[in-house]
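Read the structure below first, then the notes.
Number of protein chains: 2
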Amino acid sequence: MFKTVEWKSTGVVMIDQTLLPEREVYRTYRDYRGVAGAIKEMVVRGAPAIGVAAAMGIAIGAVKVKAKDMKGFKREFDKIAKLLASTRPTAVNLFWAIERMRRVAAENEGLGVERLKKRLVAEAKEIHRDDIEINRRIGRHGGTLLKKNSTVLTHCNAGALATAGYGTALGVIRGAIEAGKKVRVFADETRPFLQGARLTAWELKKDNIDVTLITDNMAGYIMKKGLIDAVVVGADRIAANGDVANKIGTYTVALLAREHGIPFYVAAPLSTIDLKIKHGDNIPIEERDSAEVTHLKGRRIAPKGIAVRNPAFDVTPNRLVTGIITEKGVVRRPYNKGLKALFSK
Amino acid sequence: MFKTVEWKSTGVVMIDQTLLPEREVYRTYRDYRGVAGAIKEMVVRGAPAIGVAAAMGIAIGAVKVKAKDMKGFKREFDKIAKLLASTRPTAVNLFWAIERMRRVAAENEGLGVERLKKRLVAEAKEIHRDDIEINRRIGRHGGTLLKKNSTVLTHCNAGALATAGYGTALGVIRGAIEAGKKVRVFADETRPFLQGARLTAWELKKDNIDVTLITDNMAGYIMKKGLIDAVVVGADRIAANGDVANKIGTYTVALLAREHGIPFYVAAPLSTIDLKIKHGDNIPIEERDSAEVTHLKGRRIAPKGIAVRNPAFDVTPNRLVTGIITEKGVVRRPYNKGLKALFSK
């Protein structure tokens, strides 16, 4: 099995998701600037995976700090954390992971520079290990929601490639299959970056899970034909009221699901829930380069000089969300209460 | 200005829509088999343009029939009409145009073979001329529906490239602009064939009409932001009850429009209305080659051997359609009555 992000003696190693499915290439990043670039250019993507990568970026940055005194170290550490925080704005897991690393640094100044570096590396590795375990729990909780014989539509890639491993939305599918259920998947190709066609199709096929690829605009047709039993997607940030920011197009899929009486589930770890954001309108939405829309694999598909919009995410209002599947169980309406309760359990 | 389909002394000339927007190449078809192939491979596409091309295909086929007697001519003519009818199943304009040519042939047997051939060529040219005039009328009627300052979302290409010229949905936009209104357009790229990115963006830009390209899954985001005042699309076949078969994804756009309180208009000539089909479920939906989904410009974007669905059209139920804009005016609910009345005017 492939590894999405990994801490190795040589550096932070990531599978290059821009080259899949044609080529399975692993890249090694030996400094934090390289990791920041990899997040920005989507060599690694998916909210939980970005969190893990950022933690490892901070760790490798910390290890390489030359200052011997704590004051000098802290100055450098701040710079590292700031650069990683500037890579992408929407997925809150990025900020959650950076905050966790910051806290460890702040609480362990007494260790001295060299031992603190080791502590930060250990923390990044723990975030990685935790994420896989969290996904497995999400999978177990979510798996119970699917019928014995189910066809699930998913959008984008919330799989092993979007996390440290196993996946959130695809973790739910894997959890159901491990529980003995038969699950068939329809994957939206997810323009412009084609995470569905390139990544979800690839990792499900590798796992011998029955997957059919469609373009984003076919989901309505497929649902109307009665072919879909449930929708399961991931999330990049969930507001306190249960509004869900996720890959562009998710909102449309949720509307279609409601129209056809199909349950719409969001699978995400607690680190994706941002109680400080009251509702989805306040979630910052990243607008990416227009070339992602006008070009495909370096080839132009639109006229030169054409105006383009390229919002990378949209917000699905809580009223369209049937349930939010977390490692602590499934939360249902009213989300304000249910999501808050998760953090006091 | 470019010509979509044209009758020339050398043959039937078409702009190759598979090569746009990169290259503006005109192809000349000297026999009906070539024209049939061009329709099938989408060198020419768009319901009205397919109708015109089919009529010209029949005309060029008829001209080249070697039989000198009417019996022999009719046998060949049948073969020609049948091949053209087998090219694509959904757009009813194809069958409408073939039927019109058949009727002319049947009613003019008395002319003898050589004069009948000339009569058929004249008929094909008339279908071409009529189509442009019809589109201009659609544009005038539809233009009145748009506000003075309007942003219109369109899906696929129902423009000059989809017709003999001017366009149906884009004809409405052109009609509004000619009436002095300011119209801005958002164009869905329209996967898998990218008619929006490649064709609509190209022809609107050529006309200096303000156009912004988005991927199909961004329409919900753009509507939610309040950026769209009206949706105008074309149609491949309209059932007697007002259900509309159009390019895959249209159904989703219509649902999104209703959710956001945006009027959803369909612009189409009477030749797209099929009163013999009671409701949309009975419209045959073409499923095209999976390579259209897995490859882009010859480059693979999905794993090898992946299962794919590729329905080329979907059906928008009449309840989501605000109005159907025809050359005889705008029809509103109840469509059964209104559409039928068009044919007795």
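Sequence order for the protein chains is A and B.
At position 104 of the first sequence the residue is numbered 104 (the working numbering), and the sequence of numbers has no breaks.
Going from the second sequence to the working numbering is simple: count from 1 and add 1000.
All residues carry an ideal CB built from backbone N, CA and C; glycine is no exception.
Since the model is a prediction, treat every value here as computed from it, not as a measurement.
Item to complete: Indicate whether at least one CB of chain B lies closer than 8 Å to the CB of A:Val293.
Response: Locating residue 293 of chain A in the first sequence gives position 293, where the first residue counts as 1. Chain B contact via Cβ: present.
Worksheet item: Which chain A residues are close to B:Lys1205, counting only those with a beta carbon under 8 Å from its beta carbon?
Response: Here residue 1205 of chain B refers to the residue found at position 205 when the second sequence is read from its first residue. Residues of chain A passing the Cβ test: Pro303, Gly305, Ile306.
Worksheet item: In three-state DSSP terms, what is A:Tyr166?
Response: What you label residue 166 of chain A is simply residue 166 of the first sequence in a count that begins at 1. Here A:Tyr166 sits in coil by DSSP.
Practice prompt. Jot down the residue ranges of each uninterrupted alpha helix (DSSP H) in the region 1081 to 1158 of chain B, minimum 4 residues, whole runs only, in chain order.
Written response: 1092 to 1107, 1113 to 1143
Discussion item. Less than 8 Å between C-beta atoms, sequence neighbours within five positions excluded: which residues of the same chain meet that for B:Asn1336?
Written reply: The sequence position of residue 1336 of chain B within the second sequence is 336, counting from 1. The answer, listed in chain order, is Ala1240, Asn1241, Gly1242.
Worksheet item: In chain B, which residues lie less than 7 Å from A:Leu19 when you measure between Cβ atoms?
Response: Working through the first sequence from its first residue, we reach residue 19 of chain A at position 19. Ordered by position in chain B, no residue passes the 7 Å Cβ test against A:Leu19, which lies about 12 Å from the chain.
Worksheet item: Listed from N- to C-terminal order along the chain, which residues in the region 1303 to 1335 of chain B have their beta-carbon within a distance smaller than 7 Å of any beta-carbon of chain A?
Response: Pro1303, Ile1306, Ala1307, Val1308, Arg1309, Pro1311, Asp1314
Item to complete: Helix, strand or coil for B:Arg1023, going by three-state DSSP, please let me know.
Response: Along the second sequence, read from residue 1 onward, the residue named residue 1023 of chain B stands at position 23. Here B:Arg1023 sits in coil by DSSP.
Worksheet entry | According to DSSP, residues forming a beta bridge with A:Pro287 | Your numbering for residue 287 of chain A matches position 287 in the first sequence. In the sequence as displayed, the identity of residue 287 of chain A is Glu instead of Pro. DSSP output for A:Glu287 lists A:Pro311 as bridge partner(s).
Worksheet item: Checking contacts by CB at 8 Å: is A:Asn217 closer than that to chain B?
Response: Indexing the first sequence from 1 puts residue 217 of chain A at position 217. Yes - at least one Cβ of chain B is within 8 Å of the one on A:Asn217.
Discussion item. Tell me whether the region 1168 to 1188 of chain B and the region 1196 to 1204 of chain B touch, counting them as touching only if at least three CB pairs, one residue from each stretch, are closer than 8 Å.
Written reply: yes
Fill in: Residue from A:Gln17, A:Ile15, A:Glu22, A:Glu6 whose Cα sits closest to the Cα of B:His1295
Locating residue 1295 of chain B in the second sequence gives position 295, where the first residue counts as 1. Checking every option, the nearest Cα to that of B:His1295 belongs to A:Glu22.
Practice prompt. Taking C-beta pairs closer than 7 Å, name the residues in chain A that B:Pro1192 reaches, listed in chain order.
Written response: Against the second sequence, residue 1192 of chain B aligns to sequence position 192. Simply Thr215.
Worksheet entry | Inter-stretch contact (C-beta, 8 Å, three-pair minimum) for the region 297 to 313 of chain A and the region 203 to 212 of chain A | no
Worksheet entry | Buried versus exposed, by CB contacts within 10 Å (16 or more), B:Met1001 | Your numbering for residue 1001 of chain B matches position 1 in the second sequence. By the 10 Å Cβ count, B:Met1001 comes out exposed.
Item to complete: Report buried or exposed for B:Phe1343, applying the criterion of at least 16 other Cβ atoms within 10 angstroms of its Cβ.
Response: Taking the first residue of the second sequence as position 1, residue 1343 of chain B is located at position 343. When all chains shown are included, B:Phe1343 counts as exposed.
Worksheet item: How many Å lie between A:Lys3 and A:Gly142 at the Cα?
Response: To locate residue 3 of chain A, count along the first sequence from 1; it is residue 3. To locate residue 142 of chain A, count along the first sequence from 1; it is residue 142. Rounded to the nearest angstrom, the two C-alpha atoms are 23 Å apart.
Worksheet item: What separation, rounded to the nearest whole angstrom, lies between the Cα atoms of A:Met101 and A:Ala341?
Response: Walking along the first sequence from the start, residue 101 of chain A turns up at place 101. Walking along the first sequence from the start, residue 341 of chain A turns up at place 341. A:Met101 and A:Ala341: Cα-Cα distance of roughly 25 Å.
Worksheet item: Between A:Leu255 and A:Ala219, what straight-line distance do the alpha-carbon atoms span, to the nearest angstrom?
Response: Here residue 255 of chain A is taken as the residue at index 255 of the first sequence, counted from 1. Here residue 219 of chain A is taken as the residue at index 219 of the first sequence, counted from 1. The alpha-carbon atoms of A:Leu255 and A:Ala219 are separated by roughly 11 Å.
Discussion item. Let's test the definition: count the other Cβ atoms within 10 Å of the Cβ of A:Val25 and tell me whether it reaches 16, buried, or not, exposed.
Written reply: Here residue 25 of chain A refers to the residue found at position 25 of the first sequence. By the 10 Å Cβ count, A:Val25 comes out exposed.
Worksheet item: Mind checking if B:Gly1171 is an interface residue toward chain A, Cβ cutoff 8 Å exclusive?
Response: In the second sequence, counting from the first residue as 1, residue 1171 of chain B sits at position 171. Not an interface residue.
Practice prompt. List the residues of chain B whose Cβ lies closer than 8 Å to the Cβ of A:Leu83, in chain order.
Written response: The residue labelled residue 83 of chain A in the question sits at position 83 within the first sequence. Ordered by position in chain B, no residue passes the 8 Å Cβ test against A:Leu83, which lies about 29 Å from the chain.
Worksheet item: Excluding sequence positions up to five away, which residues of its chain have a Cβ less than 6 Å from the Cβ of A:Arg258?
Response: Counted from its first residue, the first sequence places residue 258 of chain A at position 258. If we look at A:Arg258 and ignore the five residues flanking it on each side, its Cβ neighbours are Leu320.
Fill in: Under 8 Å from the C-beta of B:Ile1248: neighbouring residues of chain A
Taking the second sequence and counting its residues from 1, one reaches residue 1248 of chain B at position 248. Result: Thr215, Asn217, Met218, Tyr221.
Worksheet item: Of all the options A:Glu126, A:Gly165, A:Gly110, which has the alpha carbon lying nearest to the alpha carbon of A:Arg136?
Response: For the purposes of this step, residue 136 of chain A is taken as residue 136 along the first sequence, with counting starting at 1. If we check each option's Cα against that of A:Arg136, A:Gly165 comes out closest.
Worksheet item: Under a CB-based cut-off of 8 Å, is A:Glu24 close to chain B?
Response: By 1-based counting over the first sequence, the position of residue 24 of chain A is 24. Not an interface residue.
Discussion item. Let me confirm a value: B:Arg1088 is counted as buried when at least 16 other C-beta atoms fall within 10 Å, else exposed. Which label applies?
Written reply: The count along the second sequence starts at 1 and reaches residue 1088 of chain B at position 88. Buried, by the Cβ-count rule.
Worksheet item: If you run the structure through DSSP and keep just helix, strand and coil, what is A:Ala36?
Response: Locating residue 36 of chain A in the first sequence gives position 36, counting from the first residue. Looking at A:Ala36 - three-state DSSP - the assignment turns out to be helix.
Discussion item. Once DSSP output is grouped into helix, strand and coil, what is the label at B:Met1070?
Written reply: Counting from one through the second sequence, the residue named residue 1070 of chain B turns up at place 70. B:Met1070 falls in the helix class under three-state DSSP.
Worksheet item: Within 10 angstroms of its Cβ, does A:Ala67 collect 16 or more other Cβ (buried), or is it exposed?
Response: Residue numbering aside, residue 67 of chain A sits at position 67 when the first sequence is read from its first letter. Exposed: under 16 other Cβ atoms inside 10 Å.
Worksheet item: Is B:Asn1208 helix, strand or coil when you go by DSSP?
Response: For the purposes of this step, residue 1208 of chain B is taken as residue 208 along the second sequence, with counting starting at 1. The answer is coil: DSSP assigns B:Asn1208 none of H, G, I, E or B.
Item to complete: Starting from B:Met1014, follow the beta strand (DSSP E) in both directions and report where the run begins and ends.
Response: Taking the second sequence and counting its residues from 1, the one referred to as residue 1014 of chain B is at position 14. First-last of the beta strand (DSSP E) with B:Met1014: 1011 to 1015.
Item to complete: Pick helix, strand or coil for A:Leu262, following the three-state DSSP scheme.
Response: In the first sequence, counting from the first residue as 1, residue 262 of chain A sits at position 262. Here residue 262 of chain A turns out to be Ile, not Leu, going by the sequence shown. Three-state DSSP puts A:Ile262 in coil, outside helix and strand.
Item to complete: Look at the alpha carbon of B:Thr1212 and the alpha carbon of B:Ile1098, and state the distance between them as a whole number of angstroms.
Response: Here residue 1212 of chain B is taken as the residue at index 212 of the second sequence, counted from 1. Here residue 1098 of chain B is taken as the residue at index 98 of the second sequence, counted from 1. In a straight line, the C-alpha of B:Thr1212 is about 37 Å away from that of B:Ile1098.
Worksheet item: Any Cβ of chain A within less than 8 Å of the Cβ of B:Leu1256?
Response: In the second sequence, the residue the question calls residue 1256 of chain B occupies position 256. Cβ-Cβ to chain A under 8 Å: yes for B:Leu1256.
Worksheet item: Got a sec, what are the start and stop residues for the beta strand (DSSP E) A:Gly323 sits in?
Response: For this step, residue 323 of chain A is matched to residue 323 along the first sequence. Note, A:Gly323: beta strand (DSSP E), 323 to 326.
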